[in-house]
Amino acid sequence: MFFTDRSSLEAKVRELKETLPCKRVLVCGGLGCLAKGSQKVFDRFKECLEREKIATQAKHLTEERHYAVKTGCIGLCEAGPLVMIEPQGILYLRVQPEDVEEIVEETLKKGKIVDRLVYQEEQDGRKVLWPLMKDVPFYRKQVKLVLRNCGSIDPESLEEYLARDGYLGLAKVLTEMIPDTVIGEITKSGLRGRGGGGFPTGRKWQFARVVKADRKYIICNGDEGDPGAFMDRSVMEGDPHSVIEGMAIAGYAIGAQEGYIYVRAEYPLAVKRLKKAIQDARSAGLLGENILGTSFSFDIVIREGAGAFVCGEETALIASIEGKRGMPNPRPPYPANRGLWGKPTVINNVETLANVPVIILRGADWFRSFGTLTSPGTKTFALAGKVKNTGLVEIPMGITIRELVFEIGGGIQNDRAFKAVQVGGPSGGCLTESHLDLPIDYDSLCGAGAIMGSGGLIVLDEDTCIVEVARFFMSFTQNESCGKCVPCREGTKHMLDILGRIVAGKSTVQETELLQETAFVVKDASLCGLGKTAPNPVLTTLRYFRDEYMDHVLHHVCPAHVCQAMKEYWIDPEKCRSCGKCARVCPVSCISGRPKVPYLIDQEKCIKCGSCFEACPFDAIVVSWRRKNDE
Amino acid sequence: MPEVDQEVVLSRSFEKVNAILQKHQHNPSNLVGILQEVQEEYRYLPEEILTYIATALGVSPAYVYGVATFYAQFSLKPKGKYIIRVCDGTACHVKGSMGVLKAVREYLGLKEGEDTTPDLLFTVETVACIGACALAPAMMVNEEVYGLLDEEKVKTILERYEEGRE
Ligand SMILES: Cc1cc2nc3c(=O)[nH]c(=O)nc-3n(C[C@H](O)[C@H](O)[C@H](O)COP(=O)(O)O)c2cc1C
Ligand code: FES
Numbered sequence: 308m309f310f311t312d313r314s315s316l317e318a319k320v321r322e323l324k325e326t327l328p329c330k331r332v333l334v335c336g337g338l339g340c341l342a343k344g345s346q347k348v349f350d351r352f353k354e355c356l357e358r359e360k361i362a363t364q365a366k367h368l369t370e371e372r373h374y375a376v377k378t379g380c381i382g383l384c385e386a387g388p389l390v391m392i393e394p395q396g397i398l399y400l401r402v403q404p405e406d407v408e409e410i411v412e413e414t415l416k417k418g419k420i421v422d423r424l425v426y427q428e429e430q431d432g433r434k435v436l437w438p439l440m441k442d443v444p445f446y447r448k449q450v451k452l453v454l455r456n457c458g459s460i461d462p463e464s465l466e467e468y469l470a471r472d473g474y475l476g477l478a479k480v481l482t483e484m485i486p487d488t489v490i491g492e493i494t495k496s497g498l499r500g501r502g503g504g505g506f507p508t509g510r511k512w513q514f515a516r517v518v519k520a521d522r523k524y525i526i527c528n529g530d531e532g533d534p535g536a537f538m539d540r541s542v543m544e545g546d547p548h549s550v551i552e553g554m555a556i557a558g559y560a561i562g563a564q565e566g567y568i569y570v571r572a573e574y575p576l577a578v579k580r581l582k583k584a585i586q587d588a589r590s591a592g593l594l595g596e597n598i599l600g601t602s603f604s605f606d607i608v609i610r611e612g613a614g615a616f617v618c619g620e621e622t623a624l625i626a627s628i629e630g631k632r633g634m635p636n637p638r639p640p641y642p643a644n645r646g647l648w649g650k651p652t653v654i655n656n657v658e659t660l661a662n663v664p665v666i667i668l669r670g671a672d673w674f675r676s677f678g679t680l681t682s683p684g685t686k687t688f689a690l691a692g693k694v695k696n697t698g699l700v701e702i703p704m705g706i707t708i709r710e711l712v713f714e715i716g717g718g719i720q721n722d723r724a725f726k727a728v729q730v731g732g733p734s735g736g737c738l739t740e741s742h743l744d745l746p747i748d749y750d751s752l753c754g755a756g757a758i759m760g761s762g763g764l765i766v767l768d769e770d771t772c773i774v775e776v777a778r779f780f781m782s783f784t785q786n787e788s789c790g791k792c793v794p795c796r797e798g799t800k801h802m803l804d805i806l807g808r809i810v811a812g813k814s815t816v817q818e819t820e821l822l823q824e825t826a827f828v829v830k831d832a833s834l835c836g837l838g839k840t841a842p843n844p845v846l847t848t849l850r851y852f853r854d855e856y857m858d859h860v861l862h863h864v865c866p867a868h869v870c871q872a873m874k875e876y877w878i879d880p881e882k883c884r885s886c887g888k889c890a891r892v893c894p895v896s897c898i899s900g901r902p903k904v905p906y907l908i909d910q911e912k913c914i915k916c917g918s919c920f921e922a923c924p925f926d927a928i929v930v931s932w933r934r935k936n937d938e
Numbered sequence: 561m562p563e564v565d566q567e568v569v570l571s572r573s574f575e576k577v578n579a580i581l582q583k584h585q586h587n588p589s590n591l592v593g594i595l596q597e598v599q600e601e602y603r604y605l606p607e608e609i610l611t612y613i614a615t616a617l618g619v620s621p622a623y624v625y626g627v628a629t630f631y632a633q634f635s636l637k638p639k640g641k642y643i644i645r646v647c648d649g650t651a652c653h654v655k656g657s658m659g660v661l662k663a664v665r666e667y668l669g670l671k672e673g674e675d676t677t678p679d680l681l682f683t684v685e686t687v688a689c690i691g692a693c694a695l696a697p698a699m700m701v702n703e704e705v706y707g708l709l710d711e712e713k714v715k716t717i718l719e720r721y722e723e724g725r726e
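As structure tokens, this is what we get:
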């Protein structure tokens with residue numbers, strides 16, 4: 308397969324559409340399902356299908372045969388391993404290797420549904436089954452633009468990508484659009500950067516386009532540093548060609564011939580898939596010299612990160628690609644003027660770039676029909692935390708947090724009460740029950756003190772301590788602060804210290820004020836986005852959950868029963884036999900007693916380690932959580 | 561694991577290091593990649609090799625050392641054969657990753673401040689998100705991902721590695 312011009316590509320796409328099998332068994336090969344054993348399920352399917360002669364390894368199968376495909380993430384990771392049966396669109400959940408035989412017999416051969424494996428819900432005491440994926444509540448409100456192929460094609464097959472109109476967007480720009488029209492179309496679509504900031508992509512490209520230089524670069528930011536997010540990973544693993552095509556289009560638009568993909572060190576599979584995809588695209592003439600017989604040449608190099616959150620920031624990322632310590636630099640100059648090796652550079656997020664091919668192919672107006680006026684299109688989220696349906700979702704901008712958490716997410720696990728959602732990771736904030744009807748778009752989230760971020764959305768329930776969550780994020784950013792500028796280096800440390808004292812029950816109201824004041828200084832005075840946004844989790848929680856802070860500070864109470872220091876250990880005098888075991892194991896010697904007299908714990912000295920609790924042979928040690936009126 | 565003779569390692573490694581340097585055309589802008597490959601080979605970055613790389617690339621040892629200490633991935637101390645990365649990302653944190661870490665450390669009998677077992681079989685680290693948030697709490701052992709962990713599961717998994725069955 309080598310394409311010398313647009314028409315040979317188009318002919319191949321047509322041919323593939325007709326010949327690629329429509330009867331397929333899609334087994335999810337996303338990380339979640341793999342960790343739950345989907346590889347065994349896939350192997351079993353292949354075995355069965357081969358034995359039954361209803362499938363072979365060869366492609367271009369006849370109508371009668373089924374073909375097993377290992378795809379990228381199908382989305383509902385919670386209920387993995389997932390299996391989809393096409394063309395019907397049946398979704399089977401929690402499929403074990405033992406179930407494969409039955410699916411082959413019943414569904415593939417007889418067209419019947421295996422009830423026990425489909426999504427079900429209790430409604431008015433009756434069980435309701437939703438065998439088709441499109442009806443399952445988790446998928447009903449989703450719109451898949453970025454994830455258009457993720458979970459429905461074999462990510463390692465260029466042919467399957469082509470059969471989904473792959474590289475036709477690139478062919479279109481190369482043969483019928485000049486760079487300015489490409490930028491015009493992207494600008495018109497209103498696409499905004501999905502990496503967090505939401506900067507208009509068309510404008511960014513325009514800045515780099517107008518700079519005169521002998522070389523320019525496109526960088527795809529696949530660093531995905533938000534600790535609680537896996538959307539970019541899913542796209543790179545599940546549909547790597549869409550990112551490559553997006554980069555090539557961006558390269559054409561700004562006049563770049565080289566691209567870099569910067570991938571996180573923790574994502575070895577993404578690196579492998581991208582490498583294969585680049586190789587395949589190159590040998591098909593879709594990357595390299597004179598693509599599709601035009602004068603445009605473009606190639607891509609992969610760079611693996613080495614574990615530094617700050618390298619997600621553009622200037623730090625550039626330093627890292629140049630082989631230096633990944634420390635940020637002041638802007639301006641912006642990368643669009645002076646970026647990699649001092650040349651004009653456009654840095655875009657994985658998801659931003661994956662949007663580009665469909666926008667080109669279907670037009671800006673079509674894209675604008677999704678989402679809101681100021682935030683057109685969709686956004687992917689990694690839905691996780693204490694929500695029932697954890698997984699990968701893509702929603703049109705503008706739906707509410709309530710719809711996302713309660714309809715798509717299915718509500719809170721174990722029927723606990725909703726407490727907050729954390730959006731935007733360490734740069735974002737915690738939103739409360741009163742924000743549930745807030746539409747999800749850049750401006751609404753910003754207005755509430757959070758940010759869209761790259762798409763991590765963690766649901767917190769009543770058993771999560773908000774102050775501890777704030778401390779968690781602060782310890783993350785403090786740890787990741789590169790140390791170049793003082794406000795971030797020192798400020799995050801002070802904030803972390805104060806938060807540590809609050810959760811240990813050793814802080815004061817004045818100190819809480821100081822925490823807030825420090826937060827503002829760090830926000831205003833830091834050099835790069837890491838420091839400028841690091842205080843957000845603290846500021847939003849102080850704003851919306853001040854009572855919970857005060858419970859910790861004034862009453863030494865942790866309402867969620869998380870902060871260990873707010874626990875108390877007592878010895879029940881009725882049960883104590885004065886054996887002295889507890890006193891012997893206590894690492895701080897805070898238990899005293901004599902034979903025949905019940906032992907006592909000195910609450911001042913106790914470090915709540917629980918050693919005595921485990922040592923007592925008579926269950927005489929009682930643990931209780933302090934409540935507000937205890938003094 | 562048998563004791564390794566430091567001398568033998570080094571004489572062997574310079575050969576390998578040379579091959580890695582060659583592959584990267586002795587280009588200092590590939591330093592991060594070079595260090596990654598060296599570390600993959602030796603599971604850590606021996607100081608002698610850092611100095612050697614600096615000379616070979618024509619940059620100062622301080623520069624190489626600066627890069628090597630900046631990134632969390634690099635280690636200047638020997639690491640175990642199996643690297644256990646316990647995820648402490650947001651999703652895992654709220655679902656009890658600290659308990660998982662405690663279980664791992666207890667199983668391996670690590671004291672405070674230690675993260676590698678004396679027999680160089682295991683090293684424990686925490687990472688922020690391995691992208692398995694839907695299966696929180698999660699951890700990785702080398703490239704293998706394990707999710708929905710609890711103390712029992714951690715024990716079974718580590719036992720398998722200890723017996724060399726995985
Ligand atoms: C500390 C920090 C970390 C960041 N991490 C990421 C990241 O992991 N992925 C990403 O795409 N953008 C990240 N960004 C945003 C990038 O700097 C940049 O704005 C983005 O990649 C631009 O692409 P976009 O316009 O397509 O969103 C980060 C920014 C900061 C300040
Ligand atoms: S937070 Fe642990 S895998 Fe994402």
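Going line by line, the protein sequences match chains A and B.
Position in the first sequence (first residue = 1) + 307 = the numbering used here.
Position in the second sequence (first residue = 1) + 560 = the numbering used here.
Cβ coordinates follow ideal geometry from the N, Cα and C atoms, glycine included.
Inset, instruction - Collect the residues with a C-beta less than 6 Å away from any heavy atom of ligand 2 and give them in sequence order along the chain. - result: Result (chain order): A:Pro-534, A:Gly-535, B:Cys-647, B:Gly-649, B:Thr-650, B:Ala-651, B:Cys-652, B:Cys-689, B:Ile-690, B:Gly-691, B:Ala-692, B:Cys-693, B:Ala-696 and B:Ala-698.
Inset, instruction - Would you check if there are 3 or more beta carbon pairs closer than 8 Å linking the segment 860-873 of chain A to the segment 804-815 of chain A? - result: By the Cβ criterion, the segment 860-873 of chain A is in contact with the segment 804-815 of chain A, since at least three pairs of Cβ atoms, one from each stretch, lie closer than 8 Å.
Legend entry - Backbone secondary structure at A:Ile-490 - three-state DSSP: If DSSP states are grouped into helix, strand and coil, A:Ile-490 belongs with the helices.
Inset, instruction - Identify, in the order they occur along the chain, each residue of the same chain with its Cβ nearer than 6 Å to the Cβ of A:Val-489, setting aside the five sequence neighbours on each side. - result: Take A:Val-489, set aside five residues on each side of it, and the residues of its chain with a beta-carbon closer than 6 Å to its own are Val-480 and Ala-560, in chain order.
Inset, instruction - Could you please give the first and the last residue of the uninterrupted beta strand (DSSP E) stretch that includes B:Glu-704? - result: In the DSSP annotation of this structure, the continuous segment of the beta strand (DSSP E) that includes B:Glu-704 starts and ends at 704-706.
Legend entry - Segment limits, beta strand (DSSP E) that includes B:Glu-685: It spans 682-687 - the beta strand (DSSP E) in which B:Glu-685 sits, taken as one unbroken run.
Inset, instruction - Determine whether the Cβ of B:Val-664 lies closer than 7 Å to any Cβ atom of chain A. - result: Not closer than 7 Å to any Cβ of chain A, the Cβ of B:Val-664 fails to qualify, so no.
Inset, instruction - Would you identify the three-state DSSP class for A:Cys-737, choosing helix, strand or coil? - result: If DSSP states are grouped into helix, strand and coil, A:Cys-737 belongs with the strands.
Inset, instruction - Report yes or no: is there a C-beta of chain A within less than 7 Å of the C-beta of B:Tyr-625? - result: Under the Cβ distance rule, B:Tyr-625 does not count among the residues neighbouring chain A, no pair being separated by less than 7 Å.
Inset, instruction - Taking 8 Å as the threshold, find out whether the segment 798-806 of chain A comes into contact with the segment 760-773 of chain A through three or more Cβ pairs. - result: The segment 798-806 of chain A makes no contact with the segment 760-773 of chain A, as fewer than three CB pairs between them are under 8 Å.
Inset, instruction - Flag A:Ser-761 as yes when its Cβ comes closer than 6 Å to any non-hydrogen atom of ligand 1, and as no otherwise. - result: Indeed, a heavy atom of ligand 1 lies less than 6 Å from the Cβ.
Inset, instruction - Taking only beta-carbon positions, decide if B:Glu-597 is within less than 7 Å of chain D. - result: Included in the structure are the protein chains A and B, with no chain D among them.
Legend entry - Residue closest to A:Lys-451, alpha-carbon to alpha-carbon, out of A:Thr-697, A:Val-665 and A:Ala-671: Answer by Cα proximity: A:Val-665.
Inset, instruction - Have a look at A:Leu-822, A:Gly-790 and A:Leu-743 and flag the residue whose alpha-carbon is nearest the alpha-carbon of A:Ile-805. - result: The alpha carbon of A:Ile-805 has as its nearest neighbour, out of A:Leu-822, A:Gly-790 and A:Leu-743, the alpha carbon of A:Leu-822.
Legend entry - Where A:Glu-428 falls: helix, strand or coil (DSSP): Reduced to three states, the DSSP call for A:Glu-428 is strand.
Inset, instruction - Check each residue of the segment 527-538 of chain A: if its Cβ is closer than 8 Å to any Cβ of chain B, include it; give the result in chain order. - result: For chain B, the residues of the segment 527-538 of chain A that bring a beta carbon within less than 8 Å of one of its beta carbons are Glu-531, Gly-532, Asp-533, Pro-534, Gly-535, Ala-536 and Phe-537, in chain order.
Inset, instruction - Would you please verify whether the beta carbon of B:Tyr-631 is less than 7 Å from any beta carbon of chain A? - result: Yes, its Cβ sits closer than 7 Å to a Cβ of chain A.
Legend entry - Own chain, CB closer than 7 Å to B:Glu-719, minus 5 neighbours either side, in chain order: Within the same chain, B:Glu-719 has no close Cβ partners at all.
Inset, instruction - Using 10 angstroms around the beta-carbon of B:Gly-649, count the other beta-carbons present and answer buried if the total reaches 16, otherwise exposed. - result: Around the CB of B:Gly-649, 16 or more other CB atoms lie within 10 Å, so the residue is classed as buried.
Legend entry - Cβ pair count under 8 Å reaching 3, the segment 656-673 of chain A against the segment 657-664 of chain B: No: the two stretches stay apart, fewer than three of their Cβ pairs being nearer than 8 Å.
Inset, instruction - Count the other CB atoms, across all protein chains shown, that sit within 10 Å of the CB of A:Glu-385; report buried if there are 16 or more and exposed otherwise. - result: Label assigned to A:Glu-385: buried.
Inset, instruction - Quick one: using the 10 Å Cβ neighbour count with 16 as the cut-off for buried, is A:Met-308 buried or exposed? - result: The residue in question, A:Met-308, is exposed, as its Cβ has fewer than 16 Cβ neighbours within 10 Å.
Legend entry - DSSP three-state assignment for A:Pro-575, whether helix, strand or coil: A:Pro-575: helix per DSSP, three-state reduction.
Inset, instruction - State the start and end residues of the unbroken alpha helix (DSSP H) segment that holds A:Ser-833. - result: Note, A:Ser-833: premise wrong, no alpha helix (DSSP H); not H, not E.
Inset, instruction - Using only alpha-carbon positions, find the residue among A:Ala-727, A:Gly-760 and A:Ile-747 that is nearest to A:Val-776. - result: Nearest option by C-alpha distance: A:Ala-727.
Legend entry - Proximity test, Cβ basis, 7 Å: A:Phe-779 and chain B: Cβ-Cβ to chain B under 7 Å: yes for A:Phe-779.
Inset, instruction - Examine chain A for any beta-carbon lying closer than 7 Å to the beta-carbon of B:Leu-681, and answer yes or no. - result: Cβ-Cβ to chain A under 7 Å: no for B:Leu-681.
Inset, instruction - Throw me the rounded Cβ distance for the A:Ile-939 and A:Lys-582 pair, which I believe falls under 8 Å. - result: Limits of chain A in this structure are 308 at one end and 938 at the other, which puts residue 939 of chain A out of reach.
Legend entry - Expected contact under 8 Å - CB spacing of A:Ser-389 and A:Leu-424 to nearest Å: Contrary to the premise, residue 389 of chain A reads as Leu rather than Ser in this sequence. At roughly 10 Å, the Cβ-Cβ gap does not stay under 8 Å, so A:Leu-389 and A:Leu-424 are not in contact.
Inset, instruction - Closer than 8 Å, Cβ to Cβ, to anything on chain B: give me those residues from the segment 397-419 of chain A, in chain order. - result: Taking 8 Å as the Cβ-Cβ cut-off, the segment 397-419 of chain A has no residue approaching chain B.
Inset, instruction - Could you check if A:Val-895 is buried or exposed, using at least 16 other CB atoms within 10 Å of its CB as the buried criterion? - result: Here A:Val-895 is exposed, its C-beta having fewer than 16 other C-beta atoms within 10 Å.
Legend entry - Cβ pair count under 8 Å reaching 3, the segment 621-628 of chain A against the segment 594-601 of chain A: Counting Cβ pairs under 8 Å, fewer than three are found: no touch.
Legend entry - Amino acids of chain A, ordered along the chain, whose beta-carbon sits closer than 8 Å to that of B:Tyr-667: For B:Tyr-667, there are no C-beta contacts with chain A under 8 Å, since the nearest C-beta of that chain is about 17 Å from it.
Legend entry - Min CB distance B:Glu-601 to chain A below 7 Å: Chain A contact via Cβ: absent.
Inset, instruction - Report yes if the C-beta of A:Phe-506 is less than 6 Å from at least one heavy atom of ligand 4; otherwise report no. - result: Absence of ligand 4 is noted for the structure shown, with ligand 1 and ligand 2 being the only ligands found.
Legend entry - Segment limits, beta strand (DSSP E) that includes A:Asn-662: Unbroken run through A:Asn-662 is the alpha helix (DSSP H), 657-669; no beta strand (DSSP E).
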